[in-house]
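Asks: Below is the structure I would like to discuss, written out as C-alpha cells.
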Amino acid sequence: MSTSQGEHDGSGAVRPGPGDPHYPESRSRAYRLLVWTEHGAAILLLCTLFALIITQVFSRYVLGSPLSWTEELARFVFIWFTFTAAAFVAARRRHITVLLYGGGRTGRVVAGIEAAATAVVIVVSVAMTAGGIALMQGSARLISPGTGISLSVVYAAISAGFALTALHSAVNLWLTLRHPGQFAGRQDIEKAGV
39 MSTSQGEHDG SGAVRPGPGD PHYPESRSRA YRLLVWTEHG AAILLLCTLF
89 ALIITQVFSR YVLGSPLSWT EELARFVFIW FTFTAAAFVA ARRRHITVLL
139 YGGGRTGRVV AGIEAAATAV VIVVSVAMTA GGIALMQGSA RLISPGTGIS
189 LSVVYAAISA GFALTALHSA VNLWLTLRHP GQFAGRQDIE KAGV
C-alpha cells in the first residue's frame, strides 16, 4: 500500500513517501549526509553563539573587563548559523510560507503553484549565491579588527547558504513535479488543524 506520506513495506514499517519532509533523505545516502551535516552544523553554531554571549556577559559584568573579540565573533557565528539553518529548513520543506491561493483546490493546481514558487526560490538563491561570491571576492583583503578573520570567510556564509537552499529547492521542485498527488487534500488537513 502506498500513500503520499509513506509506503508500507512487508514488515509493517512505513517508509517516507514523497509528501514526507524526510523523503529525499530516505532515497539518497549522500543527500541524507548533507542534510544531517547542515543540521549538526546549525546546532554547533547555535551552541557556540550561546557560549560566546555568556562569555561576553561574564567578562563584562563579573570581571569588569569585556573581551572585544567575543562580540564580533558572536556576530560572525550568528551569520553562519542563519544561512546554515535556512538551508536545513529548506531541505525539510519547513520554511515559512504564505498560502496565496488555495481556493479549495488540491492536487495538480496546488502542485503547479508550489512548483512556480519553488522556481522563484531557486532563481533568487542562484542570484544571491553569485552576489555572495562577488562580495567575498571584493572583501578578500578586509580583516575584522577584533578577531583578525578575513571578511570573505564571513561572507562565504551567504554563498554557501543560498547554494544549499538552491540545491534543496531543486530537489523539492523535482518532487513537486514528479509527485503532484502529495498535495491532494492538503487544505483539508490544514483546516482541521492537524
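In terms of this note's numbering, the sequence shown opens at residue 39 and continues consecutively. C-beta atoms are modelled at their ideal positions from N, C-alpha and C, and glycine is treated no differently.
1. Check for me: the beta strand (DSSP E) holding Pro54 runs from which residue to which?
2. Within the continuous alpha helix (DSSP H) that includes Pro104, where are the two ends?
3. CA-CA distance, Pro54 and Pro218?
4. Quick one: what's got a C-beta closer than 7 Å to Ala208's C-beta in the same chain, skipping five residues either side?
5. If we call anything under 8 Å between Cβ atoms a contact, is Thr214 one with Ala125?
6. To which residues of the same chain is Arg216 closer than 8 Å at the C-beta, ignoring the five residues directly before and after it?
7. If the criterion is Cβ atoms closer than 8 Å, does the pair Ser188 and Ile181 meet it?
8. Would Val73 pass as a contact of Ala129 if the rule is Cβ separation under 8 Å?
9. Which word fits Gly170, buried or exposed, when buried means at least 16 other C-beta atoms lie within 10 angstroms of its C-beta?
10. Looking at C-alpha atoms only, which residue of Trp212, Val115, Leu71 and Pro59 is the closest neighbour of Tyr193?
11. Go through its chain and collect everything with a Cβ distance to Leu83's Cβ below 7 Å, but skip five positions before and after it.
Replies: Looking at the atomic coordinates:
1. Counted from its first residue, the sequence shown places residue 54 at position 16. Start and end: Val52 to Pro54.
2. Here residue 104 refers to the residue found at position 66 when the sequence shown is read from its first residue. Premise fails: Pro104 is in no alpha helix (DSSP H) and is neither H nor E.
3. Locating residue 54 in the sequence shown gives position 16, counting from the first residue. Locating residue 218 in the sequence shown gives position 180, counting from the first residue. Going from the Cα of Pro54 to the Cα of Pro218 covers about 16 Å.
4. Position 170 of the sequence shown, counted from the start, is the residue given in the question as residue 208. Counting only Cβ-Cβ distances below 7 Å, and skipping sequence neighbours, we find Ile160.
5. For this step, residue 214 is matched to residue 176 along the sequence shown. For this step, residue 125 is matched to residue 87 along the sequence shown. No, they are not a contact pair.
6. As a first step, residue 216 is located in the sequence shown; it is residue number 178 there, counting from the start. So the qualifying residues of the chain are Pro56.
7. Mapped onto the sequence shown, residue 188 falls at position 150. Mapped onto the sequence shown, residue 181 falls at position 143. Result yes, Cβ atoms of Ser188 and Ile181 sit closer than 8 Å.
8. The residue labelled residue 73 in the question sits at position 35 within the sequence shown. The residue labelled residue 129 in the question sits at position 91 within the sequence shown. Yes, Cβ-Cβ distance for Val73 and Ala129 is below 8 Å.
9. Walking along the sequence shown from the start, residue 170 turns up at place 132. Buried is the call here.
10. Taking the first residue of the sequence shown as 1, we reach residue 193 at position 155. Looking at the Cα atoms, Val115 is the closest of the given residues.
11. Working through the sequence shown from its first residue, we reach residue 83 at position 45. If we look at Leu83 and ignore the five residues flanking it on each side, its Cβ neighbours are Val115, Trp118, Phe119 and Thr122.
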